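Taking it in order: structure first as C-alpha cells, then the write-up.
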Amino acid sequence: MGGTSSEREVSLQSGKNIAEALASLGKYDVVPVVLDADDLSAMPKDVDAAYIALHGGWGENGGVQSALDALKIPYTGPGAMSSRIAMDKVKTKMVLEMKGVPTAAWSLANPDTESSPLPLPVVVKPPCDGSSVGISKVSRPEEWKDALDAALAAINRARAGASGDAKPTILVEEFIPGRELTVGVIDGEPLPVIEIVAKGGWYGYQEKYESNETQYPFLEDGELSRKLQKIAVDAYNAVGCRGVTRVDFRVSPLGRCYVLELNTSPGFTSHSLVPKAGMKTGLTFAGVCERILGSAKHD
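Using numbering that gives the first Met the number 0, you'd call the opening residue of the sequence shown number 0 and step up by one each time.
In C-alpha cells:
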C-alpha cells in the first residue's frame, strides 16, 4: 500500500482495510507493507503472495507487477502487460476499439491545443491518472483552458523527476449524457451492477471520496444489467485482465453502453464499489478480500 502516486492516501486506506479484514479471518499472517519508493525494498523476502492495494503510478502501470514476476511471487490483479494497457486510457481506448468493445468517441490534445478537437461537451482527462484526479467536464469554450491546465498539472505531478521533453498528451472524450454505472469482475465473473448517482450529475474526486451525498444503488437484474455485465467481461478479456478489475460505464438515454475505463486495482475504502458489489453476492468484506487473494498468481 502507499506508493508514490497522487493516490497514495486512498491506497493507504484501502491497504489498511484489506490487511485488517484478512487478519480477522485468523488464517493468514498478514504483513502490511507501506511503499515510499517505486521498489520492493520494504517487502519481506519470504512471502507467499502479495495483495496489491496500490493505486496509480507504479502500482498499476505494470511496475510492481514486473518486480513481483521477477521474484516469482504471486500477486492479486492483472499481470504487467494488462496493467500497462489499462493504466493508459489512450491504449485502453485503442484496444477496446480493436476488440469491438463500445467506448465513447475520443481525440487527443496537448498543451498548445487552443480548443476542443471534439464538439462540446467533452471530458478532459490525464491519460495515466486515476481517482478522477485532473479530470474536468467542459461544456463551454471558456472552460477549455482551465480543464487543460488541470489535466496538465496532474500529468506533471505524475511525471515529476522523469526525463524527456515530449509534450504531454491529454485525452479528450465525448461526454455521454445519461447514467454512470460500474461492474466489478473477479476471475472473469461479473459482480452485481452498481449505479453511481452523484449530486449535480458529475462524479469527480470530491463526489467519489469526500461527499456523503453520492448514492450507490444496485441496478435491478434485467436486460440492462446483463448487458453491462457481458460488456464488462468483454472489456476485461480484451485487455487480458485476471483477478479483480472494475469496469466503468456511461449509459446514454437511449440505453447505449460505453466503457469509460478499467481499474485494475480498485479501491477498498468505505466508499469503494467492488467490495460493496462483492458483499451483495453474500460474501463479507473479508470474504471479498479472500476471494481476490485466492486469484493471486505471477507470470
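Beta carbons are placed, not taken as given, at the ideal position from N, Cα and C, and that holds for glycine. Predicted, not measured: the structure shown is a model, and the values here were computed from it.
So which of 246, 281, 116 and 18 has the shortest CA-CA distance to residue 106? On the sequence shown, position 107 is the one that residue 106 refers to. The residue with the shortest Cα to Cα distance from residue 106 is 116.
Kindly indicate which three-state DSSP category residue 118 falls into: helix, strand or coil? For this step, residue 118 is matched to residue 119 along the sequence shown. In the structure shown, residue 118 sits in coil (DSSP, three-state: anything other than H, G, I, E or B).
9 Å Cβ cutoff met for residue 233 and residue 100: As a first step, residue 233 is located in the sequence shown; it is residue number 234 there, counting from the start. As a first step, residue 100 is located in the sequence shown; it is residue number 101 there, counting from the start. Taking 9 Å as the Cβ cut-off, residue 233 and residue 100 qualify as a contacting pair.
Option nearest residue 68 by Cα separation, candidates 194, 121 and 39: Residue mapping note: residue 68 aligns to position 69 of the sequence shown, counting from 1. It is 39.
The alpha helix (DSSP H) spanning residue 183 covers which residue range? As a position in the sequence shown, residue 183 is number 184, starting the count at 1. Taken as a continuous stretch (DSSP letters only), residue 183 belongs to no alpha helix (DSSP H), being part of the beta strand (DSSP E) at 178-185.
How about residue 53 and residue 25: are their beta carbons less than 9 Å apart? By 1-based counting over the sequence shown, the position of residue 53 is 54. By 1-based counting over the sequence shown, the position of residue 25 is 26. Contact: no.
Spatial neighbours of residue 11 within its chain, please: C-beta separation below 8 Å, excluding the five flanking residues on both sides. Position 12 of the sequence shown holds residue 11. For residue 11, where only same-chain residues beyond five positions count, the Cβ hits under 8 Å are 0, 1 and 33.
Residue 118 burial status per 10 Å Cβ neighbour count (16 or more: buried): Taking the sequence shown and counting its residues from 1, the one referred to as residue 118 is at position 119. It counts as exposed.
Residue 160, buried or exposed, once every other Cβ within 10 Å from all chains shown has been counted against 16: Working through the sequence shown from its first residue, we reach residue 160 at position 161. Note that residue 160 scores 49 on pLDDT, short of 50, meaning its location in the model is unreliable; the coordinates nonetheless yield the value given after this. Residue 160 is exposed by the Cβ-count criterion.
Spatial neighbours of residue 133 within its chain, please: C-beta separation below 6 Å, excluding the five flanking residues on both sides. Taking the sequence shown and counting its residues from 1, the one referred to as residue 133 is at position 134. 125, 149, 150 and 153, listed in sequence order.
Compute the Euclidean distance between the alpha carbons of residue 182 and residue 229, then round it to the nearest angstrom. The count along the sequence shown starts at 1 and reaches residue 182 at position 183. The count along the sequence shown starts at 1 and reaches residue 229 at position 230. Their backbone Cα atoms lie some 10 Å apart in a straight line.
Assuming residue 175 and residue 251 form a contact by the criterion Cβ under 8 Å, report the distance between their Cβ atoms to the nearest whole angstrom. Taking the sequence shown and counting its residues from 1, one reaches residue 175 at position 176. Taking the sequence shown and counting its residues from 1, one reaches residue 251 at position 252. Confirmed, about 6 Å.
Give the C-beta separation of residue 75 and residue 285 to the nearest angstrom, bearing in mind that I take them to be a contact with Cβ-Cβ under 8 Å. As a working mapping, residue 75 is identified with position 76 in the sequence shown. As a working mapping, residue 285 is identified with position 286 in the sequence shown. That belief does not hold up - the Cβ atoms of residue 75 and residue 285 are roughly 15 Å apart, past 8 Å.
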